[in-house]
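A.B. asks: Just passing along the structure, written as structure tokens.
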Amino acid sequence: MDCEDWNEEVKPRKERNSKLDALKPIIDGWLENDLKMPRKQRHTGTRVYYRLKKEAATKDLLLVGKQTVINYVSKANKELCKSTYDTAIFGYHPFGQAQFDFGEAYAFTKGVMTRYYELVISFPASNATL
Numbered sequence: 596m597d598c599e600d601w602n603e604e605v606k607p608r609k610e611r612n613s614k615l616d617a618l619k620p621i622i623d624g625w626l627e628n629d630l631k632m633p634r635k636q637r638h639t640g641t642r643v644y645y646r647l648k649k650e651a652a653t654k655d656l657l658l659v660g661k662q663t664v665i666n667y668v669s670k671a672n673k674e675l676c677k678s679t680y681d682t683a684i685f686g687y688h689p690f691g692q693a694q695f696d697f698g699e700a701y702a703f704t705k706g707v708m709t710r711y712y713e714l715v716i717s718f719p720a721s722n723a724t725l
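Heads up: the sequence shown begins at 596 in the working numbering, then just goes up one per residue.
Shown next as structure tokens:
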């Protein structure tokens with residue numbers, strides 16, 4: 596028994612079809628449309644699951660559990676290579692000063708998607724306890 600390599604050859608696993616394959620194009624479409632929306636108004640894995648469960652066209656095709664959908668949405672979002680967002684850095688603010696930020700939100704108004712603008716003002720000492 597003269598052998599240089601005693602390790603067994605590892606065979607690759609066979610690719611199996613997922614029960615979610617029929618719904619992946621629908622989910623991917625929702626996630627791509629979410630890129631146009633503000634970050635806080637995008638689908639989560641849980642929201643995608645309940646939406647699939649609720650809609651008549653996808654209700655019968657949903658053969659997997661909630662966690663499977665959540666895992667797929669997480670993986671799909673990472674693959675979409677979403678751009679990073681600027682965030683506010685909170686620091687020390689003396690009394691008499693305020694911090695403010697502009698934002699935007701989308702909502703349906705009379706059946707039409709409308710963009711709304713908001714101004715948020717925060718006074719650093721307003722929630723302080725003495």
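All C-beta atoms, glycine included, are put in the ideal place defined by N, C-alpha and C.
#1: Provide the residue(s) that pair with residue 716 in DSSP beta bridges, ordered along the chain.
#2: Could you pull the DSSP bridge partners for residue 710 from this structure?
#3: Report buried or exposed for residue 664, applying the criterion of at least 16 other Cβ atoms within 10 angstroms of its Cβ.
#4: If you run the structure through DSSP and keep just helix, strand and coil, what is residue 674?
#5: By DSSP, does residue 639 sit in helix, in strand, or in coil?
C.D. replies: Judging by the given coordinates:
#1: Partner residues in the beta bridge of residue 716, as assigned by DSSP, are 695.
#2: For residue 710, which the question treats as bridged, DSSP gives the partners 701.
#3: Buried, by the Cβ-count rule.
#4: Assignment of residue 674 by DSSP, reduced to helix, strand and coil, places it in the helix class.
#5: Coil at residue 639, not helix or strand.
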